[in-house]
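Asker:
As structure tokens, this is what we get:
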């Protein structure tokens, strides 16, 4: 976009901001915070002014993610990669030792000379995040989306205090420019753009056979062609793929029957005893729109908490979020490639037919559909969790941690009581395990997801962001 066009847009934004500040906002929905970014007395949790902006926008994104319609998990993962590419590119000129991705990502065009010298990074990021979140989180109601403008205007007023008019204009102009360049880049991914609008196409016909997955009555397969969507670091052709370890069998002595019976036992026992397995299953579920975050969003909730606890500088925070976005995007593409390559049935289909006709998943406690509407192997939750664990391990200097995940603290609709972990791998493994007592995966699904996710995460860790 030409500078004159951007300046016209900035003037329009200023007018809107003034108008909104003089009127009562009746359209904004009060969101129930999953993670905040400010303490109970409204003071920042982090000491760095720019990091505070990053965590506050991430917190708002988490609130929005809960209410999206038809995006989870893959479109959400894709959106996160672009949102945090935009955040990184907004600040990279001021990040010592880092460089732009314009020469690393084919087709990504951004002119760093568009940036004036007197840019306030916090204000530029405030502008950029507002625009990319508004664009990429497209499948939410207008009253949810209105919170984007509310936060943007509130923070713009605070951040502009003490800045010259030139600094204000140049900061808004730069944030706008970067947002537009990243959005333009995303639109060159024709498959991603098309599939996010039609995630469950009628054109897909599932193969038929013993042990193969088919959609439940009234459902369609979700993201069957997602392997064609853009990756940032590692593609499905570059990741390794391990076939399911057990051949289909109805023999009660077979490994296949045994692993299905394990799901039946753990799921039923968890529900009847209301034991720790049920807590774990509900704590990590992240399946239900309007109730929980998406699975990729859960990893960003953890990231936000880690940034706040470590009081990271903005350079480290932006690198972490960029790598996490890339890892979750690429993990989704490879996992869904394998899902629709192997087309493995969900355990409930087998259990009801051959083991326990009264079996129901614990996911059915919350929604009418007993399973996610795509094949079982490998587990998407496990893949996302393991990819994130690899990124966290790299960015926080090792696997050992003392961390309590408070994502769902205070929730009453399910057991979101915080859980504590001593390593990133332990956290990922529990996330992967949770799908078994939930009733939607067998152990082999979780094992392969952990392996594949780690492979993706390691590749993203090796992606060079330095000069």
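Numbering (my numbering), first residue to last: 4 to 470. From the three backbone atoms N, C-alpha and C, an ideal C-beta is built for every residue, glycine too.
(1) Taking the alpha carbon of residue 243 as the point to measure from, which residue in 296, 453 and 384 has its own alpha carbon closest?
(2) Compute the Euclidean distance between the alpha carbons of residue 376 and residue 434, then round it to the nearest angstrom.
(3) Cβ atoms of residue 351 and residue 442: under 8 Å apart, would you say?
(4) Would you give the residue range spanned by the beta strand (DSSP E) that residue 3 belongs to?
(5) Would DSSP call residue 33 helix, strand or coil?
(6) Using alpha carbons as the reference points, say which of 338, 357, 438 and 423 lies closest to residue 373.
(7) Hey, how far is the Cα of residue 190 from the Cα of residue 196?
(8) Roughly how many angstroms lie between the CA atoms of residue 436 and residue 446, to the nearest whole one?
(9) Tell me, to the nearest whole angstrom, how far the beta carbon of residue 222 is from that of residue 72; I am working on the premise that it is less than 8 Å.
(10) Please report the straight-line C-alpha distance between residue 320 and residue 368, rounded to a whole angstrom.
(11) Do residue 341 and residue 381 have their beta-carbon atoms positioned less than 8 Å apart in this structure?
(12) The beta strand (DSSP E) with residue 424 in it runs from where to where?
(13) Go ahead and label residue 390 buried or exposed: buried means 16 or more other beta carbons lie within 10 angstroms of its beta carbon, across all protein chains shown.
(14) Can you check DSSP and say which residues form a bridge with residue 347?
(15) Quick one: is residue 336 buried, meaning 16 or more other Cβ sit within 10 Å of its Cβ, or exposed?
(16) Pull the bridge partners of residue 469 from the DSSP assignment, please.
(17) State yes or no: is the C-beta of residue 84 within less than 8 Å of the C-beta of residue 303?
(18) Starting from the Cα of residue 361, find the closest Cα among 88, 147 and 271 and give me that residue.
(19) Do you know whose CA, among 75, 179, 177 and 99, lies nearest residue 387's CA?
(20) Got a sec, what are the start and stop residues for the alpha helix (DSSP H) residue 454 sits in?
(21) Pull up the distance between the alpha-carbon of residue 217 and that of residue 347, whole angstroms please.
(22) Ignore the nearest five residues each way along the sequence and tell me which others in residue 363's own chain have a CB closer than 7 Å to its CB.
(23) Can you list, in chain order, the residues of its chain with a C-beta nearer than 8 Å to that of residue 283? Leave out the 5 residues immediately preceding and following it.
(24) Would you please verify whether the beta carbon of residue 194 is less than 8 Å from any beta carbon of chain B?
(25) Around the C-beta of residue 290, are 16 or more other C-beta atoms found within 10 angstroms, so that it is buried, or is it exposed?
(26) With DSSP as the reference, label residue 137 as helix, strand or coil.
(27) Output the distance between the C-alpha atoms of residue 262 and residue 94, rounded to the nearest integer angstrom.
(28) Does the contact criterion of 3 or more C-beta pairs under 8 Å hold for the region 128-142 versus the region 153-162?
(29) Suppose you measure from the CA of residue 178 to the CA of residue 126; what does that come to, to the nearest Å?
(30) Taking only the alpha-carbon atoms, compute the straight-line gap between residue 226 and residue 186 and give it to the nearest angstrom.
(31) Can you name, in chain order, every residue of its own chain whose Cβ lies under 7 Å from the Cβ of residue 52, other than the five neighbours on each side?
(32) For residue 28 and residue 149, I'd like the C-alpha separation in whole angstroms.
(33) Among 301, 410 and 460, whose alpha-carbon lies nearest the alpha-carbon of residue 384?
(34) Under 8 Å by Cβ, that's how I've got residue 202 and residue 396 pegged, so tell me the actual separation to the nearest angstrom.
(35) Assign residue 247 to buried or exposed, taking buried as 16 or more other Cβ atoms, counted over all protein chains shown, within 10 Å of its Cβ.
(36) Apart from the five residues on each side of it in sequence, which residues of its chain come closer than 6 Å, Cβ to Cβ, to residue 170?
Answerer: Let me spell this out:
(1) One-based indexing of the chain shown puts residue 243 at position 240. Residue 453 is the option with its Cα nearest to residue 243.
(2) For this step, residue 376 is matched to residue 373 along the chain shown. For this step, residue 434 is matched to residue 431 along the chain shown. The alpha-carbon atoms of residue 376 and residue 434 are separated by roughly 19 Å.
(3) Residue 442 sits at position 439 when you count from the first residue of the chain shown. Residue 351 sits at position 348 when you count from the first residue of the chain shown. Yes, they are a contact pair.
(4) Nothing in the structure corresponds to residue 3, since the chain is present only between 4 and 470.
(5) Indexing the chain shown from 1 puts residue 33 at position 30. Note on residue 33: pLDDT 44, under 50, position unreliable in the model; no value is reported.
(6) Translated into positions along the chain shown, residue 373 becomes position 370. Of 338, 357, 438 and 423, the residue nearest in Cα terms is 438.
(7) Here residue 190 is taken as the residue at index 187 of the chain shown, counted from 1. Here residue 196 is taken as the residue at index 193 of the chain shown, counted from 1. Near 6 Å, if we compare the C-alpha coordinates of residue 196 and residue 190.
(8) One-based indexing of the chain shown puts residue 436 at position 433. One-based indexing of the chain shown puts residue 446 at position 443. Between residue 436 and residue 446, the C-alpha separation is close to 7 Å.
(9) In the chain shown, counting from the first residue as 1, residue 222 sits at position 219. In the chain shown, counting from the first residue as 1, residue 72 sits at position 69. Actually they do not touch by this definition, with Cβ atoms about 15 Å apart.
(10) Position 317 of the chain shown holds residue 320. Position 365 of the chain shown holds residue 368. One C-alpha to the other measures close to 37 Å.
(11) Along the chain shown, read from residue 1 onward, the residue named residue 381 stands at position 378. Along the chain shown, read from residue 1 onward, the residue named residue 341 stands at position 338. Yes.
(12) Within the chain shown, residue 424 is the residue found at index 421, counting from 1. Residue 424 -> beta strand (DSSP E) spans 422-426.
(13) Position 387 of the chain shown holds residue 390. So residue 390 counts as buried.
(14) Taking the chain shown and counting its residues from 1, one reaches residue 347 at position 344. Residue 347 is bridged to 215.
(15) Walking along the chain shown from the start, residue 336 turns up at place 333. With 16 or more other Cβ atoms within 10 Å, it is buried.
(16) The residue given as residue 469 occupies position 466 in the chain shown. Per DSSP, 101.
(17) Start at 1 with the first residue of the chain shown, and residue 84 comes out as number 81. Start at 1 with the first residue of the chain shown, and residue 303 comes out as number 300. Not closer than 8 Å, so no.
(18) Position 358 of the chain shown, counting from 1, holds the residue named residue 361. Checking every option, the nearest Cα to that of residue 361 belongs to 271.
(19) Within the chain shown, numbered from 1, the residue matching residue 387 stands at position 384. Residue 75 is the option with its Cα nearest to residue 387.
(20) In the chain shown, the residue the question calls residue 454 occupies position 451. Taken as a continuous stretch (DSSP letters only), the alpha helix (DSSP H) holding residue 454 covers 446-464.
(21) In the chain shown, counting from the first residue as 1, residue 217 sits at position 214. In the chain shown, counting from the first residue as 1, residue 347 sits at position 344. When rounded, the distance between both Cα atoms is 9 Å.
(22) Numbered from its first residue, the chain shown carries residue 363 at position 360. So the qualifying residues of the chain are 373.
(23) As a working mapping, residue 283 is identified with position 280 in the chain shown. Within the same chain, residue 283 has close Cβ partners 422, 433, 436, 437 and 440.
(24) The chain labelled as chain B is not found in the depicted structure, where only one protein chain is given.
(25) The residue labelled residue 290 in the question sits at position 287 within the chain shown. Buried, since its Cβ has 16 or more Cβ neighbours within 10 Å.
(26) If you number the chain shown from 1, residue 137 lands on position 134. Helix at residue 137.
(27) Stepping through the chain shown from its first residue, residue 262 is reached at position 259. Stepping through the chain shown from its first residue, residue 94 is reached at position 91. Using only the alpha carbons, I get a separation of about 49 Å.
(28) yes
(29) Position 175 of the chain shown holds residue 178. Position 123 of the chain shown holds residue 126. Those two C-alpha atoms are separated by around 8 Å.
(30) What you label residue 226 is simply residue 223 of the chain shown in a count that begins at 1. What you label residue 186 is simply residue 183 of the chain shown in a count that begins at 1. Taking the straight line from one Cα to the other gives about 22 Å.
(31) For this step, residue 52 is matched to residue 49 along the chain shown. Only 125 meet the Cβ criterion.
(32) Within the chain shown, residue 28 is the residue found at index 25, counting from 1. Within the chain shown, residue 149 is the residue found at index 146, counting from 1. Here residue 28 scores only 36 on pLDDT, less than 50, and its place in the model should not be relied on; the value that follows carries that caveat. Going by the C-alpha atoms only, they are around 9 Å apart.
(33) For the purposes of this step, residue 384 is taken as the residue at position 381 of the chain shown. Closest option to residue 384, Cα to Cα, is 301.
(34) Within the chain shown, the letter at position 199 stands for residue 202. Within the chain shown, the letter at position 393 stands for residue 396. Residue 202 to residue 396, Cβ: 31 Å. No contact.
(35) Numbered from 1 along the chain shown, position 244 holds the residue referred to as residue 247. That one is buried.
(36) The sequence position of residue 170 within the chain shown is 167, counting from 1. 121 and 123.
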